[in-house]
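In what follows, a single structure is set out as structure tokens and then discussed.
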Amino acid sequence: MIFFWIGAAGLSAAAAALVLRGAARGLAPVGDDPNLAVHRRQLSEIDDLAERGLLAQGELKSARAEAGRRLLAAADQGDAAWPQDGNGARRAVVASAAIASLAAVTLYVLIGSPGAPDQPFARRVAEWRSSDPSRLDPPRIAAVLEQAAKTRPNDPELYRNLALARIAGGDAVGAGEALRRAVSLAPQRADLWTALGETFVAGDNGQVGPDARTAFAEALKRDPNDLSARYHLSKGLIADGKLDEGLAGWRALLASLPPADERRAILAAEIDRTAKAGRLVEAPAPGQVQAAAEGGVTPDMIQGMVEGLAARLAAAPDDPDGWVRLVRAYAVLGDAARRDAALASASTRFKDQPRVLAALRQAADTPANTAVQ
């Protein structure tokens, strides 16, 4: 509260200074100073004499210089800020400014609440904790979990859920911090190392960077069959130009999937597409499918990009933005069956996140584009 009163006093002082400045200008003498008028008249007379030929050129310069010097000296001696009889007016202005400031403070004390404290953040978090989770957005869910972590600092599952809430809210850095805490508490859990790697990938725009590779390698040490770790490490090899080695890893992963696993078709399509292109084909961003059609990209190429996105989500499903892109892509392609299947899967996974659900429904309503079908 002390900062409020300091700020109020500073504003009052600034307002008073502005009032005094305006009053000084208002009380300045109106009209021309007689002394200055005399010197200006002398300059005018010198010019008149020169025009009539009564003053030589050399005498004209010296006369004008002397008259100008006297004019400047007279101007320096003038003081138009306050008239000598303006002390009473000045005191009246200062008193008015002081009275206005005191009146404002008194009015605030009478009808305001200067002693009312701000609602503590902990109280707000407690209210969120007791409310329906489906009505909370990811940042509020993360705040509730952060509060819970203070009483359960050794619960790795809590930190995993905190990471999911943060990544859903767009805080990839915060999600990584939570998962680092989780793996430090339970370093034997491969799923935590995998989640950490996926968080690094999400924060690096889908790239499998050094930190992500380290996390996935730690996951494979604990679970050699971890699908996400195997997929991403092979993808990293392909990104490094080791196409054959990366494709071999993907083919081994494909062979390990059960025959009825729906991810087989997606991964097989990505393997085929990558082998033909000789490089990775990036997943489409929002609106990229329509733009690709307008730019002359073939439907097969667009379909390949969408399948690449689907394959990535199959391996790393905790990416709400990715699911929204996938549902929108299927809608643009007019593939109602896959659109509805992706919508159902994502809706189940993010059932406690209303904003994600709303974005998914909006993506599903995107009109189909016949140019890419």
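Numbering (mature numbering (1 follows the signal peptide of the UniProt record, and there is no 0)), first residue to last: -17 to -1, 1 to 356.
Think of the CB as a built atom: it goes at the ideal place given N, C-alpha and C, for glycine as much as any other residue.
Candidates the options: closest to residue i by CA position
| i | options | result |
| --- | --- | --- |
| residue 125 | 293, 157, 198 and 251 | 157 |
| residue 348 | 336, 333, 329 and 313 | 313 |
| residue 308 | 290, 52 and 176 | 290 |
| residue 202 | 319, 335, 171 and 264 | 171 |
| residue 160 | 152, 173 and 142 | 142 |
| residue 174 | 154, 258, 144 and 89 | 144 |
| residue 330 | 304, 188 and 252 | 304 |
| residue 263 | 222, 337, 241 and 302 | 222 |
| residue 218 | 245, 154 and 192 | 192 |
| residue 123 | 133, 135, 109 and 136 | 109 |
| residue 133 | 295, 152, 164 and 121 | 164 |
| residue 350 | 328, 322, 333 and 332 | 322 |
| residue 205 | 318, 166, 241 and 56 | 166 |
| residue 335 | 89, 25 and 152 | 152 |
C-beta atoms of residue i and residue j nearer than 9 Å
| i | j | result |
| --- | --- | --- |
| residue 232 | residue 247 | no |
| residue 182 | residue 150 | yes |
| residue 195 | residue 215 | yes |
| residue 316 | residue 344 | no |
| residue 254 | residue 234 | yes |
| residue 211 | residue 155 | no |
| residue 209 | residue 168 | no |
| residue 295 | residue 120 | no |
| residue 261 | residue 226 | yes |
| residue 147 | residue 301 | yes |
| residue 47 | residue 30 | yes |
| residue 197 | residue 230 | no |
| residue 311 | residue 346 | yes |
| residue 180 | residue 199 | yes |
Residue i (DSSP reduced to helix, strand or coil)
| i | result |
| --- | --- |
| residue 201 | helix |
| residue 166 | helix |
| residue 350 | coil |
| residue 299 | coil |
| residue 264 | coil |
| residue 65 | With a pLDDT of 47 at residue 65, under the threshold of 50, the predicted position of this residue should be treated as unreliable, though the coordinate-derived value follows. It is coil, neither helix nor strand. |
| residue 207 | coil |
| residue 259 | helix |
| residue 137 | coil |
| residue 225 | coil |
| residue 250 | helix |
| residue 189 | coil |
| residue 25 | helix |
| residue 335 | coil |
| residue 157 | helix |
| residue 152 | coil |
Extent of the continuous alpha helix (DSSP H) to which residue i belongs
| i | result |
| --- | --- |
| residue 133 | 121 to 134 |
| residue 245 | From DSSP, residue 245 is part of no alpha helix (DSSP H); its letter is neither H nor E. |
| residue 174 | 173 to 186 |
| residue 218 | 210 to 222 |
| residue 323 | 319 to 332 |
Check: residue i C-beta below 8 Å from any heavy atom of the ligand GTP
| i | result |
| --- | --- |
| residue 293 | Ligands in the displayed structure: none, and consequently the ligand GTP is not present. |
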